[in-house]
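A.B. asks: Numbering (my numbering), first residue to last: 198 to 351.
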Ligand SMILES: [Zn+2]
Ligand SMILES: [Zn+2]
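1) Does DSSP put residue 314 in a helix, in a strand, or in coil?
2) Would you say the beta carbon of residue 317 comes nearer than 8 Å to a heavy atom of ligand 2?
3) So, is the C-beta of residue 237 closer than 9 Å to a C-beta in chain B?
4) Straight-line CA distance for residue 331 to residue 293?
5) Just grab the DSSP bridge partners of residue 260 for me.
6) The alpha helix (DSSP H) that contains residue 302, what's its start and end?
7) Should residue 300 and residue 248 be called a contact, given that it needs their Cβ atoms to be closer than 9 Å?
8) Given residue 276, which residues of its chain have a CB within under 6 Å of its CB, disregarding the five upstream and five downstream residues?
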């Protein structure tokens, strides 16, 4: 995404649109995938020879749950995007692509879980405990991490 400073309204301007998911350069093997384009909703204004860009980014994320390994999708909204760029006569175009990529990658879930209270898999029989108990005798604290252990082995 490129902002052409001379074309910008001196009172600031709302800039909305999408960036292709390809700018993130995620590997197909990454556990967290972004589906569809990146939505941006920015407000841009030149203040004291600085271009200020603030606003939000929204992406749809598909991931495998770290506990139960089920695939799920969710939406990630980054509402505190803020950048300042020096604006000068020589530099009247600002490319925000790298900043958008950086911000989205930073906010992708590192330990995705399908639900905050996901019960995970039974470490003994592999049963998805969200579907109900399996009858094995294991303590709760072991259950929470069973899905994670599974993922590490792959
Ligand atoms: Zn889960
Ligand atoms: Zn079990």
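Ideal placement from N, C-alpha and C gives every residue a C-beta, glycine not left out.
C.D. replies: The answer reads as follows:
1) Residue 314: coil per DSSP, three-state reduction.
2) Relative to ligand 2, even the nearest heavy atom lies 8 Å or more away from the CB of residue 317.
3) The question asks about chain B, but that chain is absent: this structure has only one protein chain.
4) Near 51 Å, if we compare the C-alpha coordinates of residue 293 and residue 331.
5) Per DSSP, 229 and 269.
6) Counting along the chain, residue 302 sits inside the alpha helix (DSSP H) bounded by residues 294-304.
7) Going by C-beta atoms, residue 300 is not nearer than 9 Å to residue 248.
8) In the same chain as residue 276, and ignoring 5 residues on each side of it, the C-beta atoms closer than 6 Å to its own belong to 253, in chain order.
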